[in-house]
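Enquirer: If you read the sequence shown in UniProt numbering, its first letter stands for residue 1, the second for the next number, and so on.
Virtual Cβ for every residue (Gly too), placed ideally from N, Cα, C.
Computed from a prediction, not measured in an experiment: that's the story for all the values here.
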Amino acid sequence: MVVTTGRFTSPAKEYADRLHQNADPHPIELLDGEDLREIADEIGLDLYNGRIEILCDETLRPYDPAADVDAAVTEAFRDIDNIEATDLPEPHSAVAFRPVVAVTADTNAVFETSVGVIHRINDRTRFVAHAERGQPQVVDEDVVTLVTDNLHATVDLDSEQFREVFDDVEENRFGQTQTEYKEWAVDRLQQHHTTTVTYTGDNNVTYNKTCEPNLSDISVRSIESVYLPEIQQTTEILEYSYPYEYYAAGPSRVTTEDGIHRCVHCETSGVDETYTYCPNCGAIACDNHIKTERLECEPVCIGCAVTERFALKTKYFYDEENLEAFREEYAEMPLHQKVMENKWLAGGSVVATLLLIVGLLVVTGII
């Protein structure tokens with residue numbers, strides 16, 4: 001018995017395998033679209049439909065099996081001052097397996113006029129596109145590298161197994177057939193290679209010619225389908241949530257959203273800046289929005305700090321209780337110590353005193 005369909009359920013596969021293992025005299029062989037196309041190619045059979053649904057159960061690895069699933073978040077928090085990565089709460093981790101196709105195609109075209117060859121295309125192109133419902137979307141070059149460099153290291157997409165590691169698991173289906181992706185790739189390459197060439201004719205007149213390769217000039221060598229894991233991890237700390245999203249392939253990844261290297265109070269972001277964690281409210285702040293708590297001498301952000309001026313200088317406190325404690329301490333300070341709460345004021349006072357003394361000495365004729 002031979003059964004053909006676009007997709008087989010797991011029980012159907014298990015039943016067919018069991019018949020083969022038991023040497024049943026009436027085995028069932030399951031043929032999907034790719035099998036049919038291979039058979040048709042071997043015997044010269046034309047498939048008039050020819051639309052092969054993409055059947056894929058392989059994915060790039062959503063995490064490095066040699067590390068924790070939240071290793072990327074832990075690594076990102078190591079750049080933040082005043083917080084130990086080991087003290088972080090466990091982030092909420094979700095994975096969406098997004099279908100992609102890696103296309104390899106050759107374009108060979110020669111364009112001639114009466115003056116000879118004016119343009120030539122001899123190019124091999126490899127690109128990766130998101131292959132969900134709707135129009136395919138070409139991914140950025142760093143994601144292309146992530147996918148193509150790791151196609152040799154895929155694993156079975158076992159949703160149940162991954163649910164033991166991730167809080168949420170989403171598996172998306174390929175939106176089009178392999179034939180449709182091939183047609184789309186050819187159209188895209190035709191547009192990509194179309195250009196206008198300026199040349200001079202035999203009559204010394206300048207001409208412009210649009211050089212557009214024919215569809216027959218473009219040969220799709222392969223369309224490799226695989227699932228690309230998109231990881232979304234959110235760390236909740238006191239009053240703030242820090243999202244961190246990336247595409248993963250084992251230990252390799254491409255970050256798409258980094259809410260950790262970002263000041264919660266302004267637009268400062270990026271791994272090249274310096275950030276400090278505020279233990280009072282959970283904020284991650286840049287240098288312009290982090291201060292030193294006067295009583296405990298620890299970082300505090302301007303968003304949650306209680307402030308008051310002492311010796312004409314603003315001081316920052318975790319709460320009203322710390323502010324009140326410092327008020328009492330300040331009231332008992334001798335005058336010179338109070339002045340030292342504003343070092344600029346203290347320094348200015350010293351300079352002013354010295355200038356006054358020098359002025360008096362000059363007036364009295366001593367110097």
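Taking 8 Å as the threshold (C-beta atoms), are Y181 and V264 in contact?
Expert: No, the Cβ-Cβ distance between V264 and Y181 is not below 8 Å.
Enquirer: Three-state secondary structure (DSSP) at V110?
Expert: Looking at V110 - three-state DSSP - the assignment turns out to be strand.
Enquirer: Could you check the C-alpha separation between R18 and E170 for me, to the nearest Å?
Expert: R18 and E170: Cα-Cα distance of roughly 30 Å.
Enquirer: What is the DSSP secondary structure of P11, reduced to helix, strand or coil?
Expert: If DSSP states are grouped into helix, strand and coil, P11 belongs with the helices.
Enquirer: Please go through the same chain and pick out, in chain order, the residues whose beta-carbon is closer than 7 Å to the beta-carbon of L355, but skip the five residues on each side of it.
Expert: Confidence at L355 is low in this model, with a pLDDT of 49, below 50, so its placement is unreliable and the value that follows should be read with caution. Here the set comprises nothing.
Enquirer: Taking all protein chains shown into account, decide if E320 is buried (16 or more other Cβ within 10 angstroms of its Cβ) or exposed.
Expert: Under this definition E320 is an exposed residue.
Enquirer: In this structure, does DSSP put Y63 in helix, strand or coil?
Expert: In this structure, Y63 counts as coil in the three-state DSSP scheme.
Enquirer: To which residues does DSSP link T210 through a beta bridge?
Expert: Paired residue(s): T196.
Enquirer: Is the beta carbon of D35 sitting closer than 8 Å to the one on N108?
Expert: For D35 and N108, no; Cβs fall outside 8 Å.
Enquirer: In whole angstroms, what is the alpha-carbon distance linking A352 and E239?
Expert: Caution applies to A352, whose pLDDT of 46 falls short of 50 and renders its modelled position unreliable; the model cannot decide the point.
Enquirer: In its own chain, which residues sit with a C-beta less than 7 Å from the C-beta of L215, not counting the 5 before and 5 after it?
Expert: The answer, listed in chain order, is V186 and Q190.
Enquirer: Can at least three beta-carbon pairs, one atom from the segment 251-270 and one from the segment 282-300, be found at a separation below 8 Å?
Expert: Result yes; three or more Cβ-Cβ pairs closer than 8 Å.
Enquirer: Do G201 and G134 have their C-beta atoms within less than 8 Å of each other?
Expert: Contact flag unset, no.
Enquirer: Looking at the secondary structure, which residues open and close the alpha helix (DSSP H) in which D142 lies?
Expert: E141 to T148 is the span of the alpha helix (DSSP H), which, as asked, contains D142.
Enquirer: What is the DSSP secondary structure of E332, counted as helix, strand or coil?
Expert: In this structure, E332 counts as coil in the three-state DSSP scheme.
Enquirer: CA-CA distance, Y207 and D32?
Expert: Those two C-alpha atoms are separated by around 53 Å.
Enquirer: Can you grab the Cα-Cα spacing for the pair A346 / L312, in whole Å?
Expert: The predicted position of A346 is uncertain, since its pLDDT is 43 and thus under 50; a value taken from the coordinates is nonetheless stated next. Their backbone Cα atoms lie some 11 Å apart in a straight line.
Enquirer: Taking one C-beta from the segment 72-80 and one from the segment 239-255 each time, how about it: are there three or more such pairs within less than 8 Å?
Expert: Cβ pair count under 8 Å is three or more, so yes.
Enquirer: For the alpha helix (DSSP H) containing F162, name the first residue and the last one.
Expert: F162 -> alpha helix (DSSP H) spans S159 to R163.
Enquirer: So, with DSSP's three-state summary, where would you put V73?
Expert: In this structure, V73 counts as helix in the three-state DSSP scheme.
Enquirer: Roughly how many whole angstroms lie between the Cα atoms of G116 and P65?
Expert: Roughly 59 Å between the two C-alpha positions.
Enquirer: Taking 8 Å as the threshold (C-beta atoms), are Y227 and L60 in contact?
Expert: A contact, by the Cβ cut-off of 8 Å.
Enquirer: Smallest Cα separation from C301: which of K291, F310 and A105?
Expert: Cα-wise, what sits closest to C301 is K291.
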